[in-house]
Amino acid sequence: MATIRFTRNIQRHVECPTREVSGSTLRAVLDHYFRENERARGYVLDEQGRVRQHMVVFIDGELVRDREGLSDAVGPHSMIDVIQALSGG
Numbered sequence: 509m510a511t512i513r514f515t516r517n518i519q520r521h522v523e524c525p526t527r528e529v530s531g532s533t534l535r536a537v538l539d540h541y542f543r544e545n546e547r548a549r550g551y552v553l554d555e556q557g558r559v560r561q562h563m564v565v566f567i568d569g570e571l572v573r574d575r576e577g578l579s580d581a582v583g584p585h586s587m588i589d590v591i592q593a594l595s596g597g
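Residue 529 in the numbering used here sits at position 21 of the sequence shown; the count goes up by one each step and never skips.
The structure is reproduced here in structure tokens:
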């Protein structure tokens, strides 16, 4: 099973514990995770199911390429990191 984890700055706004979940694509993994955590779904994904602009997702250290369809492959031992992009001046 893949492991999905969320940074602390996201967890300040919505509870998102690290979990092991099944799925062969990012969409499948996120759907599995969000079935038990709908509030987190709305924080990470927009109304069309795309990764929100202020979020960044990595699979095994590589930036996700398909932010809309979430079709990036996930291996059985992959590490998925969901990060809130920070900006400032």
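No residue lacks a Cβ here, since even glycine has one placed at the ideal position from N, Cα and C.
For residue i, I'd like the list of residues in its chain whose CB is within less than 7 Å of its CB, leaving aside the five on either flank, ordered along the chain.
{"i": "R558", "result": "R575, E576"}
By how many angstroms is the C-alpha of residue j removed from the C-alpha of residue i?
{"i": "D589", "j": "S579", "result": "16 Å"}
{"i": "F514", "j": "D568", "result": "14 Å"}
{"i": "V582", "j": "V552", "result": "18 Å"}
{"i": "L571", "j": "R547", "result": "24 Å"}
{"i": "L538", "j": "H521", "result": "18 Å"}
Whose C-beta lies closer than 6 Å to the C-beta of residue i among residues of the same chain, with five residues either side of it excluded?
{"i": "E528", "result": "M509, T511"}
{"i": "S586", "result": "A510, I567, D568"}
Could you tell me which of the options sits nearest to residue i, measuring between CA atoms?
{"i": "G550", "options": "I518, P584, L534, L594", "result": "I518"}
Whole runs of the beta strand (DSSP E) within the region 550-582, excluding any shorter than 3 residues
563-567
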